[in-house]
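2 protein chains.
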Amino acid sequence: MPATQSLHLSVDCVVFGYNDSGLKVLLINQKGLSTSPETTPRSQLPGDLILMNEGLDQAAQRVLFELTQLEGVYLKQFKAFGDPNRVKELKDRAWLQSVRNLPDQRVVTVGYYGLVSLQDYEPRPSSFAGGVQWSELNEVGPLAFDHNSILDEAFETLQEQLESQHISFELLPKKFTLTQLQALYEIVLDKKLDKRNFRKNVKKMSHVVPLDEKQTGVMHKPAQLFSYEPQKD
Amino acid sequence: MPATQSLHLSVDCVVFGYNDSGLKVLLINQKGLSTSPETTPRSQLPGDLILMNEGLDQAAQRVLFELTQLEGVYLKQFKAFGDPNRVKELKDRAWLQSVRNLPDQRVVTVGYYGLVSLQDYEPRPSSFAGGVQWSELNEVGPLAFDHNSILDEAFETLQEQLESQHISFELLPKKFTLTQLQALYEIVLDKKLDKRNFRKNVKKMSHVVPLDEKQTGVMHKPAQLFSYEPQKD
DNA sequence: GATATTATTGTACTTTTGACACTATGCCCG
DNA sequence: CGGGCATAGTGTCAAAAGTACAATAATATC
Numbered sequence: 024m025p026a027t028q029s030l031h032l033s034v035d036c037v038v039f040g041y042n043d044s045g046l047k048v049l050l051i052n053q054k055g056l057s058t059s060p061e062t063t064p065r066s067q068l069p070g071d072l073i074l075m076n077e078g079l080d081q082a083a084q085r086v087l088f089e090l091t092q093l094e095g096v097y098l099k100q101f102k103a104f105g106d107p108n109r110v111k112e113l114k115d116r117a118w119l120q121s122v123r124n125l126p127d128q129r130v131v132t133v134g135y136y137g138l139v140s141l142q143d144y145e146p147r148p149s150s151f152a153g154g155v156q157w158s159e160l161n162e163v164g165p166l167a168f169d170h171n172s173i174l175d176e177a178f179e180t181l182q183e184q185l186e187s188q189h190i191s192f193e194l195l196p197k198k199f200t201l202t203q204l205q206a207l208y209e210i211v212l213d214k215k216l217d218k219r220n221f222r223k224n225v226k227k228m229s230h231v232v233p234l235d236e237k238q239t240g241v242m243h244k245p246a247q248l249f250s251y252e253p254q255k256d
Numbered sequence: 024m025p026a027t028q029s030l031h032l033s034v035d036c037v038v039f040g041y042n043d044s045g046l047k048v049l050l051i052n053q054k055g056l057s058t059s060p061e062t063t064p065r066s067q068l069p070g071d072l073i074l075m076n077e078g079l080d081q082a083a084q085r086v087l088f089e090l091t092q093l094e095g096v097y098l099k100q101f102k103a104f105g106d107p108n109r110v111k112e113l114k115d116r117a118w119l120q121s122v123r124n125l126p127d128q129r130v131v132t133v134g135y136y137g138l139v140s141l142q143d144y145e146p147r148p149s150s151f152a153g154g155v156q157w158s159e160l161n162e163v164g165p166l167a168f169d170h171n172s173i174l175d176e177a178f179e180t181l182q183e184q185l186e187s188q189h190i191s192f193e194l195l196p197k198k199f200t201l202t203q204l205q206a207l208y209e210i211v212l213d214k215k216l217d218k219r220n221f222r223k224n225v226k227k228m229s230h231v232v233p234l235d236e237k238q239t240g241v242m243h244k245p246a247q248l249f250s251y252e253p254q255k256d
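Line by line, the protein sequences are chains R and U.
Quick note: the first sequence uses my numbering, first residue 24, plus one each step.
Quick note: the second sequence uses my numbering, first residue 24, plus one each step.
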């Protein structure tokens with residue numbers, strides 16, 4: 024008879040936030056405890072153990088809300104991470120000991136990526152325990168645990184799914200211009216796109232509909248606003 | 024302080040097997056215990072709890088081997104299933120009670136899909152405890168737990184990834200004909216393909232290389248054999 | 001009203017996709 | 001050994017999709 028299994032299960036959320044100044048990722052800072060040298064608090068992805076009576080998607084929503092106050096965010100599971108030593112590194116022990124009943128327990132985590140428009144979800148950073156920050160994607164330093172890998176895989180998933188899954192609109196304001204949409208594509212896919220060809224393609228998408236409204240507050244020709252209509256298609 | 028988390032983690036493998044007679048899925052039969060009416064043993068996907076010191080991929084390989092003797096199979100994680108009640112249904116209790124120390128424990132499972140060629144991996148069904156069978160995909164009856172959903176999602180994943188991931192070759196013998204490759208595509212994608220256009224496309228794939236060898240044992244013009252060369256591309 | 005700034009639009013070319021039917025080869029059998 | 005059978009193998013044309021490319025239009029500011 025095998026030994027009784029004993030491990031923890033968590034969810035970790037890689038929340039991407041977008042506005043005209045670029046693509047960011049939401050990180051939280053581990054609380055205090057910078058006593059010893061190699062245990063200086065690091066940033067990490069918002070994540071925590073799931074509760075006994077909640078599903079995984081539900082856990083991701085709850086954990087994200089509890090840690091960052093973000094609510095109703097588009098979240099999608101993308102991969103489980105289960106290396107037996109993923110929380111065993113020295114650098115992470117101090118923090119684990121400060122928050123877990125069983126800090127030595129193995130933890131398997133289910134990764135979610137999340138998408139928000141930084142314009143609609145006005146970011147309220149550091150409003151919570153330990154601090155919350157939107158960090159420029161390519162300025163993310165070393166994170167706790169294997170969170171750098173999780174972040175990388177989440178971004179690769181985003182790149183793969185951006186076009187096929189109608190998710191780009193989750194990163195934009197409800198009303199957006201085609202220039203904004205194109206800039207988003209260029210940043211996520213990391214390549215320049217031709218403006219006229221891009222617009223030709225968008226016109227074929229029945230789920231992107233023009234509104235009777237134009238951009239305001241800009242000092243040049245205001246652009247047509249569009250919105251995403253999921254039902255169509 | 025939250026209650027200590029206590030749950031089990033398993034892996035479940037949806038192994039697809041292919042030969043000229045179609046696409047099958049590997050199921051195992053729950054052992055005996057058909058005492059009570061609604062607890063007649065059902066088939067299920069090969070799966071079991073992970074061990075404390077193994078990774079997820081490793082667990083999937085081990086569990087598959089222990090339950091079905093299949094070794095070295097292409098396995099890929101596709102989704103975690105964590106409904107809190109996924110192992111709580113009445114129909115599944117008898118079996119759980121017969122095999123688990125803690126039959127009431129919540130179980131989250133990580134789903135893997137697997138691919139084998141039924142020609143190379145000569146199927147040795149019912150060689151093991153409780154019986155092993157290759158079941159025609161559309162003749163799968165009600166399975167234990169949420170295994171029907173897991174199977175469905177695995178198949179959808181296979182359909183989505185077949186073309187982009189060079190995985191079709193895992194379902195074919197090492198040496199295969201273009202007709203076999205096309206038949207596989209037609210079955211997995213569930214649509215007829217044009218022979219000439221299909222071959223035109225294959226010729227563009229540098230990882231599909233013709234061998235100096237032809238089909239034997241057929242009573243008609245023997246076809247050219249091809250093989251998959253992963254390094255190219 | 002001139003200027004600055006971004007929005008908006010079309011065309012020619014290339015590449016890819018999709019529809020479609022006949023000839024070739026090897027085996028079997030008489 | 002020749003005819004029949006079964007599957008292998010191959011090319012062309014039209015439509016659609018993708019790609020490169022630049023001039024005009026609308027608004028705010030000064």
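Using N, Cα and C, we set each Cβ at its ideal position, and we do this for glycine too.
Does the distance from the CB of valine 86(R) to the CB of aspartate 71(R) come in under 8 Å? Here valine 86(R) is near aspartate 71(R), since their CB atoms are less than 8 Å apart.
For aspartate 143(R) and leucine 46(U), what's the separation of their Cα atoms in angstroms? The straight-line gap from Cα to Cα measures roughly 47 Å.
In whole angstroms, give me the CA-to-CA distance for proline 165(R) and asparagine 52(R). 12 Å
8 Å is my cut-off, CB to CB: does histidine 31(R) come that close to chain U? yes
From Arg222(U), Val211(U), Asn76(U), Arg116(U), residue whose alpha carbon lies closest to that of serine 191(U): Val211(U)
With respect to the alpha helix (DSSP H) encompassing aspartate 175(U), which residues constitute its N-terminal and C-terminal limits? Aspartate 175(U) -> alpha helix (DSSP H) spans 170-184.
Counting only beta-carbon separations shorter than 8 Å, does glutamine 28(R) have a partner in chain U? yes
Own chain partners of alanine 83(U) with C-beta closer than 7 Å, once the 5 adjacent residues on each side are dropped: Val34, Cys36, Leu98, Tyr135
Check this for me: beta carbons of valine 131(U) and leucine 32(U), under 8 Å apart or not? Contact: yes.
With which residues is valine 110(R) paired in a DSSP beta bridge? None, per the DSSP bridge assignment.
Is the beta carbon of arginine 222(U) sitting closer than 8 Å to the one on leucine 201(U)? The answer is yes: Cβ separation under 8 Å.
Quick one: is proline 165(U) near chain R, going by C-beta distance under 8 Å? Residue contact check for proline 165(U) against chain R: no CB pair falls below 8 Å.
Are there 16 or more other CB atoms within 10 angstroms of the CB of valine 155(R), so buried, or fewer, so exposed? buried
Continuous alpha helix (DSSP H) stretch holding aspartate 80(U): start and end: 79-91
Output, in sequence order along the chain, the residues in the segment 202-236 of chain U whose CB is closer than 7 Å to any CB in chain R. none
Can a CB atom of chain R be found closer than 8 Å to the CB of aspartate 175(U)? no
Just confirm the distance between the C-beta atoms of glutamine 254(U) and alanine 246(U), as a whole number of angstroms; I'd bet it's less than 8 Å. Not a contact, Cβ separation roughly 25 Å.
Check whether the segment 227-237 of chain R touches the segment 87-94 of chain U, counting contact only when three or more Cβ pairs, one atom from each stretch, lie closer than 8 Å. Cβ pair count under 8 Å is below three, so no.
Give me the Cβ distance between valine 38(R) and valine 139(R), rounded to the nearest whole Å; I'm assuming they're in contact under 8 Å. 6 Å
Own chain partners of leucine 90(U) with C-beta closer than 6 Å, once the 5 adjacent residues on each side are dropped: Ile51, Pro69
Quick one, which of Leu79(U), Met242(U), Gln188(U) has its alpha-carbon nearest lysine 102(R)'s? Leu79(U)
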